[in-house]
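Numbering (the UniProt record's numbering), first residue to last: 1 to 330. Virtual Cβ for every residue (Gly too), placed ideally from N, Cα, C.
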Amino acid sequence: MPKIGKIELPDFPLLLAPMEDVSDPPFRALCKEQGADVVYTEFISSEGLIRDAAKSVIKLDIYEKERPVGIQIFGAELDSMLQAVDIVEKSNPDIIDINFGCPVKKVVCKNAGAGILRDIPLMVKLTEAIVKRTNLPVTVKTRLGWDHNSIKIVEVAERLQDVGIQAIAIHGRTRVQMYKGSADWKPIAEVKNNPRMHIPVFGNGDVDSPEAAEKMRDEFGLDGAMIGRASIGNPWFFKEVKHYFETGEHLSPPTMEERVIAARRHLQMAIDWKGEKLGVFETRRHYTNYFKGIPHFKEYRMKMVTSDESSDVFAAFDEVLQKFGDHQFV
1 MPKIGKIELP DFPLLLAPME DVSDPPFRAL CKEQGADVVY TEFISSEGLI RDAAKSVIKL
61 DIYEKERPVG IQIFGAELDS MLQAVDIVEK SNPDIIDINF GCPVKKVVCK NAGAGILRDI
121 PLMVKLTEAI VKRTNLPVTV KTRLGWDHNS IKIVEVAERL QDVGIQAIAI HGRTRVQMYK
181 GSADWKPIAE VKNNPRMHIP VFGNGDVDSP EAAEKMRDEF GLDGAMIGRA SIGNPWFFKE
241 VKHYFETGEH LSPPTMEERV IAARRHLQMA IDWKGEKLGV FETRRHYTNY FKGIPHFKEY
301 RMKMVTSDES SDVFAAFDEV LQKFGDHQFV
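Laid out in structure tokens, this is it:
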């Protein structure tokens, strides 16, 4: 059974990936209920934390029902990262995760996220300093490398382990790839098969079906799967994978009533947590997947993603249940 520090996990755990404007407390709660073994916060700017920026500070909110939960930080300045660790510790997470994988330009241009893959010595130096700063287990999420010609993930993972990280999650693409093409899990398996590695190695990227998770487990021999885009608007994905592992059969899709109930809860929790305006706005990205596969649904989806008032969105949910309540999902 894999462990992150002293945190014991089940065989082949499923982890909710840290996703900006997605992995907030309401969504993490839904995923946890549906079988996620570890959840991570949205990534948090170290610079934002030390400047007490509201958008960064609110991301520190975690709840007992989420545990084990990791708070993920990013940055490239040593002093800022260490100060951020001190701030994060006050929220009492179970894990501190370092983002060395975000590919977006505004992060990379500051040498943070995947940008640091161009400077492996700095990556190792930052990690070592953070490990020494905290008694919490430190994990890392990263990519294969900056580009196809600079993939040194086996060496990088070993060096990060040697300075004290307790687990590593690797996305099977380079920064240059962004999210294009297919994720390559072979280099991640090479990390796992390195005889010097003894910490859990989790795979990330294109785990979009129970069969994909099974392949990552059985063919590539990884310790667990970190689930990202497949979970958006589909918190049941974790439960579906576990059911498939146990039975070899696909779990029946959620009914329309279950989808509406989840969407309503999601929206209400988001409003309770971040207020009406942001709560309505930041749940919009989930609705397409909550109600995926329903014919002639565009009118209702547009109401959900364009309405600024939660009352209008809740009304749209009621309309959907009334009109499409008998729809059979496949």
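Would residue i pass as a contact of residue j if the rule is Cβ separation under 7 Å?
| i | j | result |
| --- | --- | --- |
| Ile151 | Leu160 | no |
| Glu47 | Ser80 | yes |
| Tyr290 | Val320 | no |
| Ile156 | Ile120 | Position check: residue 156 holds Val in this sequence, whereas Ile was assumed. Taking 7 Å as the Cβ cut-off, Val156 and Ile120 qualify as a contacting pair. |
| Phe317 | Val280 | no |
| Gly5 | Pro93 | no |
| Pro103 | Met178 | yes |
| Pro200 | Ala167 | yes |
Nearest by alpha-carbon distance to residue i: which of the options is it?
| i | options | result |
| --- | --- | --- |
| Pro25 | Ala270, Met302, Glu299 and Phe291 | Ala270 |
| Ala84 | Ala17, Ile50 and Lys106 | Ile50 |
| Phe324 | Glu282, Glu258 and Lys192 | Glu258 |
| Arg118 | Phe329, Asn149, Thr255 and Phe317 | Asn149 |
| Ala76 | Lys242, Met226, Ala169 and Ile130 | Ile130 |
| Lys242 | Pro13, Val305 and Thr255 | Pro13 |
| Asp312 | Lys292, Asp326, Lys277 and Gln328 | Lys277 |
| His250 | Leu78, Asn193, Phe314 and Ser209 | Ser209 |
| Pro295 | Gly101, Ala29, Phe329 and Arg285 | Phe329 |
Within 10 angstroms of the Cβ of residue i, are there 16 or more other Cβ atoms? Answer buried if so, exposed if not.
| i | result |
| --- | --- |
| Lys34 | The residue you asked about is not Lys; residue 34 is Gln in the sequence shown. It counts as buried. |
| Thr247 | exposed |
| Ala17 | buried |
| Thr139 | buried |
| Cys109 | exposed |
| Lys186 | exposed |
| Met216 | buried |
| Asn234 | buried |
| Met304 | buried |
| residue 332 | What is shown of the chain runs 1 to 330, which leaves residue 332 out entirely. |
Looking only at its chain, what residues have a beta carbon closer than 6 Å to the beta carbon of residue i, apart from the 5 residues adjacent to it on each side?
| i | result |
| --- | --- |
| Leu60 | Ser91 |
| Gln72 | Pro18, Tyr40, Thr41, Phe43, Asp97 and Asn99 |
Strictly under 7 Å for the Cβ-Cβ distance: is residue i near chain C by that measure?
| i | result |
| --- | --- |
| His243 | In the displayed structure, chain C is absent; only one protein chain is listed. |
Skipping 5 residues on each side, what residues in its chain have a beta carbon closer than 7 Å to that of residue i?
| i | result |
| --- | --- |
| Met19 | Glu42 and Gly228 |
| Gly205 | His171, Gly172, Arg173 and Ala183 |
Determine the extent of the beta strand (DSSP E) in which residue i is found, giving its start and end residues.
| i | result |
| --- | --- |
| Val69 | Val69 to Phe74 |
| Asp97 | Ile95 to Phe100 |
| Tyr287 | Taken as a continuous stretch (DSSP letters only), Tyr287 belongs to no beta strand (DSSP E), being part of the alpha helix (DSSP H) at Arg284 to Tyr290. |
Starting from residue i, follow the alpha helix (DSSP H) in both directions and report where the run begins and ends.
| i | result |
| --- | --- |
| Arg143 | Careful: Arg143 lies outside any alpha helix (DSSP H), inside the beta strand (DSSP E) at Val138 to Arg143. |
| Met197 | Unbroken run through Met197: none, as it is neither H nor E. |
| Thr247 | Phe237 to Thr247 |
What does a CB cutoff of less than 8 Å around residue i pick up in its chain, not counting 5 residues either side in sequence?
| i | result |
| --- | --- |
| Glu240 | Pro210, His250 and Leu251 |
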